[in-house]
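Participant:
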Amino acid sequence: IHKDQSDNLWVGTYGGGLCMLDPDEGNCINYSHDPEDPTTISDNIVFSIYEDPQERFWIGTNSGLNMFYPATGSFRRFGVNEGLANEVIYGVLPDNNNCIWLSTNLGICRFNLETFEVKNFDMNDGLQSNEFNGGSYHRGSSGKLYFGGVYGLNVFDPGTIEPVRIVPEVTLTKLEVLGKEVLIAGIDLEEEFEEHPGRIVEFEGDFYTSENVTYMEEIILDYRHRFFSVEFAALNNLQSGDLHYSYIMENLDTDWNNSGTRNYVSYTNMKAGNYLLKVVAENTDGFQSDPPMLLRIVITPPIWLSWWFILLEVLFSTAIVVMIYIYLLKSRTNRLLKHQNQQISQANEALRKSEKNLMELNATKDKFFSIISHDLKNPFSSLLSISDLMVESFNDTDKEDHKAGFKKINQSVKHLLDLLENLLTWSQSQRGRIKYDPVKFNLSSLVQENINLHRLLAEKKGIMLLSSDQDEVYAYGDRDMINSVIRNLVTNAVKFTDRDKKVEIQLKPGEKKIEVSIVDEGIGISSEQLVKLFRIDEKFKSTGTAGEKGTGLGLIICREFVEKNGGEITVQSAPGEGSVFSFTVPMAN
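Residues 268 to 856 (this note's numbering) make up the sequence shown, in order.
If you want it as C-alpha cells, here you go:
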C-alpha cells in the first residue's frame with residue numbers, strides 16, 4: 268500500500284492488478300493486465316510500489332518492473348530484455364543517487380531512473396542468496412537498504428557500492444593437441460626438451476611438455492600437430508562467473524574476438540610460423556585484466572617447407588628449366604623454319620584463291636549488271652513504246668484506250684520503282700551502309716503491321732491476308748531488317764496468288780529461335796526456278812497473277828538480312844501447289 272502526494276491510496280493485489288482509492292470521492296480505479304495491450308501493467312500480481320519525485324510510479328510485479336504515469340494511465344515495462352537479471356520484482360527501494368534497487372529471484376538490480384541503465388548483483392558479489400522474498404525490503408533512516416532472502420538478510424549502504432576496478436590476470440590452465448590433453452613429461456623424456464623447453468612431444472599416442480602449462484610462455488608444435496585448443500581462466504572465486512573473455516591471435520586474427528564466458532579457444536590447420544595469443548578478462552563493470560595473458564606459439568614447418576629443402580628444389584628446378592630452355596630453343600628454331608615455309612605456301616595459296624575469287628566476283632558483277640540493265644531496259648522500252656503510241660494516236664483513240672495505256676505506264680513505273688528500291692537496298696547492304704542494330708521487339712506486332720500495310724493490295728486482288736492465332740512473341744534482332752524481309756515475302760505472296768485465295772503468316776516459337784512462315788496458295792515455283800532463288804548470278808524473272816513483274820532481287824536482300832540476324836531462309840514450292848517461304852530469327856530472352 269502506498270499513499271501518494273494527493274492522499275490517494277495505491278494498493279497492489281495478488282492477482283487483481285493495481286488499485287487507486289480516492290478517499291474524498293470514494294472512487295476506486297483498477298489497473299489490470301491486458302495481453303493484447305502493451306501499455307497496461309505487465310502482471311496482475313503486484314509486490315511493491317514506489318513514487319519518485321517526478322510523480323512517476325515504479326511498480327514491482329511478477330513479470331517485471333513497470334513505470335506508470337497516472338496522468339495518462341499508461342505503463343512502460345522493463346524486463347530481462349532491458350537488462351534485468353530476473354522479472355520477479357519483490358522490492359523497490361530508492362537511494363540518494365537517482366537510482367532504485369530491486370530485489371528479485373536472481374539477485375539485486377540497481378536501476379538508474381534517468382538513463383534506465385541496469386547493474387545486476389548476485390552471490391558472487393556477496394549476497395546471502397540469489398533468491399529474495401516478497402515484503403522483505405526496507406530503507407532505513409540512515410539510507411541503508413535491507414533485503415531479506417531465503418538464507419538471511421543483506422544490509423548495505425548504496426552510496427558505498429563502487430565498481431570493481433581490479434580484474435585478476437588470466438592464466439593458462441589447459442592445453443590440448445589433436446583432442447588430447449598435454450601432460451607433464453617424466454624423467455625418460457627429459458632429453459627431448461633440452462634444446463627447446465616449450466616443445467610439445469608426441470610419445471606413444473600422447474603429448475607431453477617439460478613443465479606445467481600454467482607457467483609456459485611459449486609452446487612449439489610440429490606441423491602435424493597444428494590442431495590444438497587453449498583453455499584459460501581468471502582465478503578469482505568472487506568474479507569468475509561474471510567474467511567475459513576476449514582474445515586475439517596475432518599474425519592470424521585482424522581484431523579481438525569476444526568469446527563471452529567461454530574460457531577456451533581452438534585453432535585448426537594453421538600455417539607454419541610464429542604467433543602470439545593474447546587473452547583478457549572483463550568484469551560486468553567494464554574493467555579488463557592488465558596485463559593480458561601472453562602465449563607465444565611456434566608451428567615448425569614440414570620438411571618440404573624448410574629452407575634447405577626449398578634451396579634444393581630451386582636448384583633442381585633451375586637445372587630442369589635450363590635443359591627445357593635449350594630443348595625448346597632448338598625446337599622453336601625448327602618450328603620457325605617450318606612455319607615460315609608454311610606461311611609462304613599459304614600466302615601463295617591465298618593469293619591464288621584471291622585471284623580466283625576476284626575473277627569470279629568480276630564475272631558475277633558483269634552478269635548481275637547485265638541482268639539489271641536488261642530488267643531496267645524492258646520497263647523503259649515499254650514506257651517509250653506506249654507513250655509514242657499514245658502521242659501518235661492521241662486524237663484517234665477513245666478514253667478507254669487512254670486508260671489502258673496509262674494503266675500499263677503505271678505498272679511499268681511501279682515495277683521500275685520496286686526494282687530501283689531493291690537495288691538501292693542491296694547496294695547499301697553491300698557497302699555496309701545499313702547498320703545492324705539488334706533489339707528485343709514484339710514480332711507478333713510487326714507481323715500485324717505488315718498485314719495492315721498489305722491488306723488493301725490483297726483486297727484489290729480478292730485475296731484473304733491473315734496471321735495464325737498466337738500469343739505475343741518477342742524476337743531479338745534488327746527490327747528494320749526483319750520488317751523488310753516480311754514485307755518482301757508478303758508482297759511476293761500476294762503478287763503470285765490468284766483471286767479468292769489466301770496468304771497466311773505463321774509464327775512457330777522454338778527453344779531458341781522463332782520460325783516465321785509466309786504460306787500462299789499461289790501459282791508455285793518449278794524445281795528449275797527454285798535453284799535460281801537467292802542467287803545474284805542467276806537471272807530469275809516471273810510474272811504475277813495480275814501481270815506484276817518480279818526480278819528476284821528482293822529475295823536476295825531477304826537472305827542477306829536473315830543471315831545477318833543469325834537465321835536461315837528456306838522455300839518449299841511446286842507448280843500449282845503454292846509456296847511456303849520460311850525464315851528463323853533468334854528468340855528474345
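The C-beta atom is built at its ideal place from N, Cα and C for all residues, glycine as well.
With a threshold of 16 other CB atoms inside 10 Å of the CB of Leu442, please say whether the residue is buried or exposed.
Facilitator: Buried: at least 16 other Cβ atoms inside 10 Å.
Participant: Decide if Arg698 is buried, meaning its Cβ has at least 16 other Cβ atoms within 10 Å, or exposed.
Facilitator: Confidence at Arg698 is low in this model, with a pLDDT of 49, below 50, so the placement of that residue should be treated as unreliable; the coordinate-derived value is given next. Exposed, by the Cβ-count rule.
Participant: Output the residue ranges of the beta strand (DSSP E) runs that lie fully inside the stretch 434-495 and measure 3 residues or longer, sorted by chain position.
Facilitator: For the stretch 434-495, whole beta strand (DSSP E) runs of length 3 or above, ordered along the chain, are 437-444, 447-451, 468-470, 473-476, 485-488.
Participant: On a CA-only basis, which of Leu733, Lys769, Leu710 is nearest Asp745? Give me that one, please.
Facilitator: Leu710
Participant: So, is Cys825 buried or exposed, given that buried needs 16 or more other C-beta atoms within 10 angstroms?
Facilitator: buried
Participant: Indicate the three-state DSSP secondary structure (helix, strand or coil) for Thr567 in the structure shown.
Facilitator: coil
Participant: Which word fits Asp787, buried or exposed, when buried means at least 16 other C-beta atoms lie within 10 angstroms of its C-beta?
Facilitator: Asp787 is buried by the Cβ-count criterion.
Participant: Please list, in chain order, all residues of the same chain as Val437 whose beta carbon is under 6 Å from its beta carbon, the five residues on each side excluded.
Facilitator: Once the five neighbours on either side are set aside, the close Cβ partners of Val437 are Phe499, Ala501, Val546, Ala548, Ser556, Met560.
Participant: Helix, strand or coil for Cys286? Go by DSSP, reduced to three states.
Facilitator: strand
Participant: Could you tell me the distance, in whole angstroms, from the CA atom of Phe345 to the CA atom of Phe414?
Facilitator: 21 Å
Participant: Pairs of beta-carbons, one from the stretch 474-490 and one from the stretch 518-526, closer than 8 Å: are there three or more?
Facilitator: Contact fails: fewer than three Cβ-Cβ distances are below 8 Å.
Participant: Closer than 7 Å by C-beta to Tyr490: which residues in its own chain qualify, once you throw out the five before and the five after it? Chain order, please.
Facilitator: Excluding sequence positions up to five before and after Tyr490, its CB lies within less than 7 Å of the CB of Ala539, Ile566, Thr567, Pro568, Pro569, all in the same chain and listed in chain order.
Participant: Take Arg493 and list the residues in its own chain whose beta-carbon comes closer than 7 Å to its own, dropping the five residues that flank it on each side.
Facilitator: Result list for Arg493: Asn536, Met537, Ile566, in chain order.
Participant: Would you mind working out which of Val359, Gly401, Leu351 sits nearest Glu384, comparing C-alpha positions?
Facilitator: Among Val359, Gly401, Leu351, the Cα nearest to that of Glu384 belongs to Leu351.
Participant: Please classify Ile593 as buried or exposed, where buried requires at least 16 other C-beta atoms within 10 Å of its C-beta.
Facilitator: exposed
Participant: Which same chain residues, not among the five before or five after Asn363, have their C-beta less than 8 Å away from its C-beta?
Facilitator: Gly410, Pro425, Gly426
Participant: Rounded to a whole number of angstroms, what is the C-alpha to C-alpha distance between Gly293 and Glu429?
Facilitator: Answer to the nearest angstrom: the Cα atoms are 47 Å apart.
Participant: Does DSSP put Gln715 in a helix, a strand or coil?
Facilitator: helix
Participant: Could you check whether Gly331 and Glu354 sit closer than 8 Å to each other, using their CB atoms as the reference points?
Facilitator: yes
Participant: Evaluate Cys295 with the Cβ neighbour count: other Cβ atoms within 10 Å of its Cβ, from every protein chain shown; 16 or more gives buried, anything less gives exposed.
Facilitator: So Cys295 counts as exposed.
Participant: For Pro842, collect the residues of the same chain with a Cβ closer than 6 Å to its Cβ; drop the 5 residues on either side in sequence, then sort them by chain order.
Facilitator: Annotation for Pro842: Gly791, Ser793 place their beta carbon closer than 6 Å to its own, counting only its chain and skipping 5 residues before and after.
Participant: By DSSP, does Leu276 sit in helix, in strand, or in coil?
Facilitator: strand
Participant: With 16 other CB atoms within 10 Å as the buried threshold, where does Lys768 fall?
Facilitator: buried
Participant: First and last residue of the alpha helix (DSSP H) that includes Thr764?
Facilitator: Neither: Thr764 is in no alpha helix (DSSP H) and is coded neither H nor E.
Participant: Measure how close the beta-carbons of Leu450 and Leu562 come, nearest whole angstrom, since I'm counting them as under 8 Å.
Facilitator: With a Cβ gap of about 18 Å, Leu450 and Leu562 do not count as contacting.
Participant: Of the residues Thr328, Val359, Tyr542, which one's Cα is nearest the Cα of Ile564?
Facilitator: Ile564 has its Cα closest to that of Tyr542, out of Thr328, Val359, Tyr542.
Participant: What does DSSP give as the partner residues of Ala548 in its beta bridges?
Facilitator: Tyr512
Participant: What is the residue span of the alpha helix (DSSP H) that Leu733 lies within?
Facilitator: Annotation: Leu733 is outside any alpha helix (DSSP H); the continuous beta strand (DSSP E) that includes it extends over 731-734.
Participant: Between Ser507 and the rest of its own chain, which residues show a CB-CB distance below 8 Å, the 5 nearest in sequence each way excluded?
Facilitator: Low local confidence applies: a pLDDT of 49 at Ser507 is under 50, so the model's placement there is unreliable, and no value is given.
Participant: How many Å lie between Leu753 and Lys623 at the Cα?
Facilitator: Here the sequence assigns Ile to residue 753, which means Leu is not the residue at that position. The alpha-carbon atoms of Ile753 and Lys623 are separated by roughly 36 Å.
Participant: Taking all protein chains shown into account, do 16 or more other C-beta atoms lie within 10 angstroms of the C-beta of Ser637, making it buried, or fewer, making it exposed?
Facilitator: Confidence at Ser637 is low in this model, with a pLDDT of 48, below 50, so its placement is unreliable and no value can be given for it.
Participant: Can you give the Cα-Cα distance for Glu726 and Ala855, rounded to whole angstroms?
Facilitator: Ala855 has its alpha-carbon roughly 34 Å from the corresponding atom of Glu726.
Participant: Rounded to the nearest angstrom, what separates Ile749 and Gln839 at their Cα positions?
Facilitator: 20 Å
Participant: Near Leu394, what residues of its chain come up, given a Cβ to Cβ distance below 8 Å and the 5 sequence neighbours on each side ignored?
Facilitator: Gly374, Ile375, Phe388, Gly416, Asn421
Participant: Give the C-beta separation of Phe828 and Leu756 to the nearest angstrom, bearing in mind that I take them to be a contact with Cβ-Cβ under 8 Å.
Facilitator: Not quite, the Cβ-Cβ distance comes to about 11 Å (not below 8 Å), so this is no contact.
Participant: Alpha carbon to alpha carbon, what distance is there between Leu276 and Pro290?
Facilitator: 8 Å
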